[in-house]
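Chemist:
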Amino acid sequence: MTAQQPGDTILRLDNIHKSFGDREVLRGISLDVHAHEVVALIGASGSGKSTLLRTINQLERVDDGQVWLRDLDISDPRTKIDVIRARIGVVFQQFNLFPHLSVLDNVTLASRHVLGVSKDAARSRGLELLDRIGLADHAGSYPERLSGGQQQRAAIARAIATNPELLLLDEITSALDPELVGEVLDLVRQLKADGTTIVMATHEMAFARDVADRIVFLDDGVIAEQGTPTQLFTAPQTERARTFLARFTG
Amino acid sequence: MIISAVSTIVFAVLIWALVVNTPGWSRVQQSFFDPETFVSAIPRVAAGFLVNLRVLLFAAVGVLALSLVLAMLRTLRGPIFFPIRALVAGYTDLFRGLPLIIVLYLVGFGIPGLRLTTERIPFETLGTIALVLTYSAYVSEVWRAGIEAVHPSQTLAARSLGLSHGKTLRLVVLPQAFRKVTPALMNDFIAMQKDVGLISVLGAVDAVRAAQIETSKFANFTPYVVAGLLFVLLALPTIRLADWYSARLRAREQVGPLL
Chain U
1 MTAQQPGDTI LRLDNIHKSF GDREVLRGIS LDVHAHEVVA LIGASGSGKS TLLRTINQLE
61 RVDDGQVWLR DLDISDPRTK IDVIRARIGV VFQQFNLFPH LSVLDNVTLA SRHVLGVSKD
121 AARSRGLELL DRIGLADHAG SYPERLSGGQ QQRAAIARAI ATNPELLLLD EITSALDPEL
181 VGEVLDLVRQ LKADGTTIVM ATHEMAFARD VADRIVFLDD GVIAEQGTPT QLFTAPQTER
241 ARTFLARFTG
Chain L
1001 MIISAVSTIV FAVLIWALVV NTPGWSRVQQ SFFDPETFVS AIPRVAAGFL VNLRVLLFAA
1061 VGVLALSLVL AMLRTLRGPI FFPIRALVAG YTDLFRGLPL IIVLYLVGFG IPGLRLTTER
1121 IPFETLGTIA LVLTYSAYVS EVWRAGIEAV HPSQTLAARS LGLSHGKTLR LVVLPQAFRK
1181 VTPALMNDFI AMQKDVGLIS VLGAVDAVRA AQIETSKFAN FTPYVVAGLL FVLLALPTIR
1241 LADWYSARLR AREQVGPLL
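Pasting the structure below:
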């Protein structure tokens, strides 16, 4: 991690709009994420959580509004996006590991082919990373040999191998068997302790409450309410948030 | 084991007896399976076969390269690339429809007619070009199917890591596509191994042409059998390899991911 002033703004979303066909999925979202902050996006399916994450690293281009990574407008079509994407790690619901590459090669791919790190340097850094998350024994294995939880941890290792300034987690435990969720959430806690800046979409309310610094409740493409976990979970201000949360506490 | 061996022997004897007892068998045996002609035809036919091997080698490399380029051009997205996609689609339609022998005539007699060079272009080269043109059309479709069979989430993951479109294709999509289409590629290769014999229509002295020459020398068809045998011997290893690989792929898919 590079030295950062606490309170540094890593990510700034400025009035983001995104439509698919004539359905407007994001209807003007503005959000600042500060260094070392963990922001959890909650909301019903179809509320725009995943789309919002994808607009952050420009997998989806915004129709209107800007995405700033520090002082760079990365939604500007003239921005060279490939190197920027290496500064934003993404972990997917379905892992999306590369099945034809070993776990270690999955982890080192971006370092070698985007950042141009030498094979040996990428390898030793990759092994160190895998060791830290307890997958050193599986460095040479192919993803299909790993359990779901191990695969998702390997996918997280792949996402942070380039030392990204921001980590996006898109429902990373939704495809896992319940008994495998714990090991993945433990790793996220560890990342938070290391000071990683995280924006995550999640359905794990208990986890969001436990690990997030801020909860952002999305409803129908807008931020309906946001605040600390305590504020949002114990005293939601809006009717929509109350209705949504009642389903989890009820 | 024993049952299958016995049944095979009985079956073979039956077929043999049937063929041998046909009224014209002795004459056919004489003109197609004459041991003396067989031996004396081997050197020239084998020399011709080397031409086939050379053409096969160059054509295989050429097909691999051209078909990959065609397949990648077809995966380009966006309206700006429409003319390129349409052109490639037209090409594959045309050359999958044209009989190879007609392509051979068109290339073999058309290209020299352009008088691009003062020297004569060897028939071998022209034959190779015709094979590459025809087979690239088939093989590019095989590639395209393979590329489309790789789940879009793989591309998404690769692009998220910062890999460019080209690197995503080269490092993530194509290696996976290659595995999926290897059996189909091998089948096309086996088909091409046989079709290299067609370059003889241009006048190249390959195995088929050499066999023809020997046949008229001995007034006996045995040289064709020699040539045919050489083609089969060449194809057998690839056929076995393709079978083995397909079986392995099937076995792996049935086991599924190990958890």
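Protein chains in written order, with our numbering: chain U, 1 to 250; chain L, 1001 to 1259.
All C-beta atoms, glycine included, are put in the ideal place defined by N, C-alpha and C.
1) Ends of the beta strand (DSSP E) at residue 17 of chain U?
2) Can the beta-carbon of residue 75 of chain U be found less than 9 Å from the beta-carbon of residue 61 of chain U?
3) For residue 208 of chain U, which of helix, strand or coil comes out of DSSP?
4) Give every residue of the same chain whose Cβ lies closer than 8 Å to the Cβ of residue 69 of chain U, excluding the five residues on either side of it in the sequence, and list them in chain order.
5) Could you spell out the range, first to last residue, of the beta strand (DSSP E) harbouring residue 219 of chain U?
6) Helix, strand or coil for residue 1026 of chain L per DSSP?
7) Using Cβ-Cβ distances below 8 Å, what residues of the stretch 1166-1180 of chain L are close to chain U?
8) Near residue 1239 of chain L, which residues of its chain fall below 8 Å by C-beta distance, leaving aside the five closest residues on each side in sequence?
9) Secondary structure at residue 1245 of chain L, three-state DSSP: helix, strand or coil?
10) Check each residue of the stretch 107-123 of chain U: if its Cβ is closer than 9 Å to any Cβ of chain L, include it; give the result in chain order.
11) Mark residue 206 of chain U as exposed unless 16 or more other C-beta atoms lie within 10 angstroms of its C-beta, in which case mark it buried.
12) For the alpha helix (DSSP H) that residue 226 of chain U lies in, which residues bound it at each end?
13) Rounded to whole angstroms, what's the CA-CA distance from residue 1102 of chain L to residue 1133 of chain L? Just pull it up for me.
14) Check for me: the alpha helix (DSSP H) holding residue 113 of chain U runs from which residue to which?
15) Closer than 9 Å by beta-carbon distance: list the chain L residues that pair up with residue 152 of chain U, in chain order.
16) Can you pull the chain L neighbours of residue 92 of chain U, defined as C-beta to C-beta under 9 Å?
17) Between residue 1127 of chain L and residue 1204 of chain L, which are expected to be in contact by the criterion C-beta below 8 Å, what is the C-beta distance as a whole number of angstroms?
18) If we count the other Cβ atoms within 10 Å of its Cβ and call it buried at 16 or more, is residue 1146 of chain L buried or exposed?
19) Is there a C-beta anywhere in chain L that falls below 9 Å from the one on residue 139 of chain U?
20) For a minimum of 4 consecutive residues, which ranges assigned as the alpha helix (DSSP H) are wholly contained in the stretch 1006-1071 of chain L?
21) Are the CB atoms of residue 1141 of chain L and residue 1071 of chain L nearer to each other than 9 Å?
22) Under 9 Å between the Cβ atoms of residue 1055 of chain L and residue 1124 of chain L?
23) Hey, residue 114 of chain U and residue 130 of chain U are a contact pair by Cβ (cut 8 Å); roughly how many whole angstroms apart?
24) Is the Cβ-Cβ distance between residue 241 of chain U and residue 229 of chain U less than 9 Å?
25) Taking the alpha-carbon of residue 48 of chain U as reference, which of U/243, U/28, U/214 has the nearest alpha-carbon?
26) Can you pull the chain U residues whose beta carbon is under 8 Å from the beta carbon of residue 1133 of chain L, in chain order?
27) From residue 93 of chain U to residue 1151 of chain L, what distance separates their C-alpha atoms?
28) Just mark residue 95 of chain U as buried or exposed, buried being the case when its beta carbon has 16 or more other beta carbons within 10 Å.
29) Does any residue of chain L bring its CB to less than 9 Å from the CB of residue 85 of chain U?
30) So residue 202 of chain U and residue 40 of chain U are supposed to be a Cβ contact under 8 Å. How far apart are they, rounded?
31) Would you kindly work out how many angstroms separate the C-alpha atoms of residue 31 of chain U and residue 1066 of chain L, rounded to a whole number?
32) Got a sec: is the Cβ-Cβ distance from residue 1163 of chain L to anything in chain U below 9 Å?
33) Determine the closest residue to residue 1224 of chain L out of L/1246, L/1197, L/1122, L/1249, with distance taken between C-alpha atoms.
34) So, is the C-beta of residue 82 of chain U closer than 9 Å to a C-beta in chain L?
35) Do we get a CB-CB distance below 9 Å when we pair residue 159 of chain U with the residues of chain L?
Modeler: Considering the structure as presented:
1) 9-20
2) yes
3) helix
4) 10, 11, 84, 87, 88, 165, 166
5) 214-219
6) helix
7) Taking 8 Å as the cut-off between beta carbons, the residues of the stretch 1166-1180 of chain L near chain U are 1167, 1171, 1172, 1175, 1176, 1179, in sequence order.
8) Closer than 8 Å at the Cβ level, and outside the excluded window around residue 1239 of chain L, lie 1190.
9) DSSP places residue 1245 of chain L in helix when its eight states are reduced to three.
10) 109, 110, 113, 114, 115
11) exposed
12) DSSP places residue 226 of chain U in no alpha helix (DSSP H) but in the uninterrupted beta strand (DSSP E) bounded by 222-227.
13) 12 Å
14) 103-113
15) Per Cβ cutoff of 9 Å: no residues; residue 152 of chain U is ~13 Å from chain L at best.
16) 1153, 1156, 1157, 1160
17) 6 Å
18) buried
19) For residue 139 of chain U, not one C-beta of chain L is nearer than 9 Å to its own C-beta.
20) 1025-1032
21) The answer is yes: Cβ separation under 9 Å.
22) yes
23) Not quite, the Cβ-Cβ distance comes to about 19 Å (not below 8 Å), so this is no contact.
24) no
25) Checked all of U/243, U/28, U/214; the closest Cα to residue 48 of chain U is U/28.
26) The contacting residues do not exist; residue 1133 of chain L stays about 31 Å from chain U at best.
27) Each residue's alpha carbon lies about 14 Å from the other.
28) buried
29) By the rule that beta-carbons nearer than 9 Å mark a contact, residue 85 of chain U touches chain L.
30) With 8 Å as the limit, residue 202 of chain U and residue 40 of chain U qualify as a contact, their Cβ atoms being about 6 Å apart.
31) Between the alpha carbons of residue 31 of chain U and residue 1066 of chain L lies a distance of about 49 Å.
32) Yes, residue 1163 of chain L counts as interfacial toward chain U.
33) L/1197
34) yes
35) yes
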